Every structure is written in structure tokens, then in C-alpha cells.
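J.: For the sequence shown, numbering that gives the first Met the number 0 gives the first residue as 0, with consecutive numbering after it. Ideal placement from N, C-alpha and C gives every residue a C-beta, glycine not left out. Note that the structure is predicted; figures quoted are calculated from it, not measured.
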Amino acid sequence: MHFDEYNAALMDPLGESLASLAKQVFPASLTCRNAVYSRHCFPSTAVTNNHLERLAHVIAACMGNMYIAHKGANWQEEKLAELSEAGLVFVWYSLGEEIAAFVAFKPVQEDRKDLYLYEIQVIEKCQSMQWGRQLMASFHAVAKLADEKKNDPHLAQSEHLAMEGTSLTVFGDNHRAFEWYTRLGYVLAPGSPQCRRLRSGAVIRPDYFLLTRSL
Numbered sequence: 000m001h002f003d004e005y006n007a008a009l010m011d012p013l014g015e016s017l018a019s020l021a022k023q024v025f026p027a028s029l030t031c032r033n034a035v036y037s038r039h040c041f042p043s044t045a046v047t048n049n050h051l052e053r054l055a056h057v058i059a060a061c062m063g064n065m066y067i068a069h070k071g072a073n074w075q076e077e078k079l080a081e082l083s084e085a086g087l088v089f090v091w092y093s094l095g096e097e098i099a100a101f102v103a104f105k106p107v108q109e110d111r112k113d114l115y116l117y118e119i120q121v122i123e124k125c126q127s128m129q130w131g132r133q134l135m136a137s138f139h140a141v142a143k144l145a146d147e148k149k150n151d152p153h154l155a156q157s158e159h160l161a162m163e164g165t166s167l168t169v170f171g172d173n174h175r176a177f178e179w180y181t182r183l184g185y186v187l188a189p190g191s192p193q194c195r196r197l198r199s200g201a202v203i204r205p206d207y208f209l210l211t212r213s214l
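1. For Glu52, count neighbouring C-beta atoms within 10 Å of its own C-beta (all shown protein chains included) and say buried if the count is 16 or more, exposed if not.
2. What runs of the alpha helix (DSSP H), each 4 residues or longer, lie entirely inside the region 17 to 96?
3. Taking Cys40 and Val107 to be in contact with their CB atoms under 8 Å, please state how far apart those CB atoms are, rounded to whole angstroms.
4. If contacts are defined as beta-carbon pairs under 8 Å, then Leu9 and His159 qualify, I think. What distance do you get, rounded to the angstrom?
5. Whose CA, out of Asp151, Leu79, Ala145 and Ala100, lies closest to the CA of Met128?
6. Please tell me whether Lys143 and Leu87 are closer than 7 Å, where the distance is taken between their beta carbons.
7. Quick check on the DSSP output: what are the complete alpha helix (DSSP H) runs of length 4 or more inside the region 99 to 151, in order along the chain?
8. Expressed to the nearest angstrom, what Euclidean distance is found between the alpha-carbon atoms of Phe170 and Ile67?
9. In terms of residue numbering, what span does the beta strand (DSSP E) encompassing Arg212 cover?
10. So Tyr185 packs on Thr211, CB below 8 Å; how close in whole Å?
11. Return the bridge partner residues of Arg196 from the DSSP annotation.
12. Let's test the definition: count the other Cβ atoms within 10 Å of the Cβ of Val141 and tell me whether it reaches 16, buried, or not, exposed.
13. Count the other C-beta atoms from every protein chain shown that fall within 10 angstroms of the C-beta of Ser43, then say buried if there are 16 or more, exposed otherwise.
14. Which class does Gly164 belong to by DSSP, given the choice of helix, strand or coil?
15. Spell out the partners DSSP gives Phe170 in its beta bridges.
16. Does the region 145 to 159 come within contact of the region 10 to 28, defined as at least 3 CB pairs closer than 8 Å?
17. On the criterion of 16 or more Cβ atoms from any shown chain inside 10 Å, does Pro12 qualify as buried, or is it exposed?
18. Is the region 65 to 85 in contact with the region 176 to 192, if contact means three or more CB pairs nearer than 8 Å?
19. Helix, strand or coil, according to DSSP, for Leu187 in the structure here?
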């Protein structure tokens, strides 16, 4: 079957295969200020509307103002639709009803086949615990493991697990995140919007950058 990220018949079982690999890679728990948050890993086929709404609340707490600035007051509707796409894998860490961090990703193909990071969010009180670095390391490890498992007969749609790297987008004015991803080895993708320098010397940054990293 030809790879098509909009084909649920392909992407749903592929997401389930990726979720099984993610469980092998992401840590079973993370600790923040003596509190232990347990891992939950699900493909999109097992994620409920309640789950998505709770994850959207985490995004709002972490980046709500930035999303409003870029997407407008109704940004959550667009985000919920995005997080409902077939093939997504979600990994979050929670204690009781509190979700402290989550990532969401799925395979895409533009210039090359990548595992695309839709979201990585860590609530403020846990941002000094190196959670972000651990989550990104695990995300990279999943992409590498997926490529190693391509054509594994025990995994559904395994021929589509082949990966060349990882990719993500970052808001153009999110300087801190841009610099962080750069330190993790990300570079501008060939098709990414670019900065423009005016005759005055001022630099105009685009609304977003597309970043990529090879395996």
C-alpha cells in the first residue's frame, strides 16, 4: 500500500505499531519534585475526546498566549482537529488527573520520510527537571527503532516504518525553542520559510520554521 498520511486504513495500524515501539523506549515514569508521574502511551485509535481535551489544556497552560498570537482566540478548535488525525501516537505522563507532559508524533513524507513531532509540552513546574531533553531523546530513539523494524512481519504496516529522520515546526518568534532544537541537532528543512533581511538591516522572521534532523 502506498504511503498516504491521510489514509486512516493505513495510518491507524501504523500508529498502533509505533505505539508498541514507543512503549519500549520512553521511560515508564518521570519524577518532578518528589512526585512520580506514570507513562501512558496510546495510538490515536485508543485516545478519547476527553484525553484530547486534557492534552489541549496542557498546551494552553504552556503556550496558550503564543497560540493566540499566531492562530487567534479559537486556536484550540484547530488544535483538537489536528490531534485527531489518524496515525498519531501520544505519550503522556500523569499523576492522578494531572498531566505534566506529553508528546505526539506520526510518520509523514514531504522531501523524505520522517517521524514528525506534533507536540512536546512540559508544565512549568517540571521544566527544570530535564524532562524535555529526555522526551526528545526518546522521540529520536523511537524513529531509529522504527527504521530498524521496517518490514518486521510482527508489526502492522511495517514497510512504512522506514524513517530517514525526525522533523518539527516551531513558531518563528519562539527564540528559546528554536535555539534548543538547534542544540539538539536540528537544522532548517529545505522547504522551510526563511528569515528576510530588510534594507534597513532589520530581520523579519517567518511565522514558523520547519526543522529537520537526520537519524
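T.: The answer reads as follows:
1. By one-based count along the sequence shown, residue 52 stands at place 53. With fewer than 16 Cβ atoms within 10 Å of its Cβ, Glu52 is classed as exposed.
2. 48 to 70 and 74 to 81
3. Walking along the sequence shown from the start, residue 40 turns up at place 41. Walking along the sequence shown from the start, residue 107 turns up at place 108. Not confirmed; about 20 Å, so no contact.
4. Taking the sequence shown and counting its residues from 1, one reaches residue 9 at position 10. Taking the sequence shown and counting its residues from 1, one reaches residue 159 at position 160. With a Cβ gap of about 7 Å, Leu9 and His159 count as contacting.
5. The residue given as residue 128 occupies position 129 in the sequence shown. Met128 has its Cα closest to that of Ala100, out of Asp151, Leu79, Ala145 and Ala100.
6. The residue you call residue 143 lines up with position 144 of the sequence shown. The residue you call residue 87 lines up with position 88 of the sequence shown. No, these two residues do not count as a Cβ contact at 7 Å.
7. 130 to 147
8. Here residue 170 is taken as the residue at index 171 of the sequence shown, counted from 1. Here residue 67 is taken as the residue at index 68 of the sequence shown, counted from 1. C-alpha separation (whole angstroms): 12 Å.
9. One-based indexing of the sequence shown puts residue 212 at position 213. Taken as a continuous stretch (DSSP letters only), the beta strand (DSSP E) holding Arg212 covers Tyr207 to Ser213.
10. What you label residue 185 is simply residue 186 of the sequence shown in a count that begins at 1. What you label residue 211 is simply residue 212 of the sequence shown in a count that begins at 1. About 7 Å; that satisfies the 8 Å criterion.
11. Here residue 196 refers to the residue found at position 197 when the sequence shown is read from its first residue. In the DSSP output, where bridge partners are listed per residue, Arg196 has Val202.
12. Here the question's residue 141 lines up with position 142 in the sequence shown. Under this definition Val141 is a buried residue.
13. As a first step, residue 43 must be located in the sequence shown, where it is residue number 44. Ser43 should be labelled buried.
14. Looking up residue 164 in the sequence shown gives position 165. Of the three classes helix, strand and coil, the one that applies to Gly164 here is strand, per DSSP.
15. Numbered from 1 along the sequence shown, position 171 holds the residue referred to as residue 170. The partner list for Phe170 (beta bridge, DSSP) reads Tyr207.
16. yes
17. Working through the sequence shown from its first residue, we reach residue 12 at position 13. Answer is buried; the Cβ neighbour count reaches 16.
18. no
19. Position 188 of the sequence shown, counting from 1, holds the residue named residue 187. In the structure shown, Leu187 sits in a strand (DSSP, three-state: E or B).
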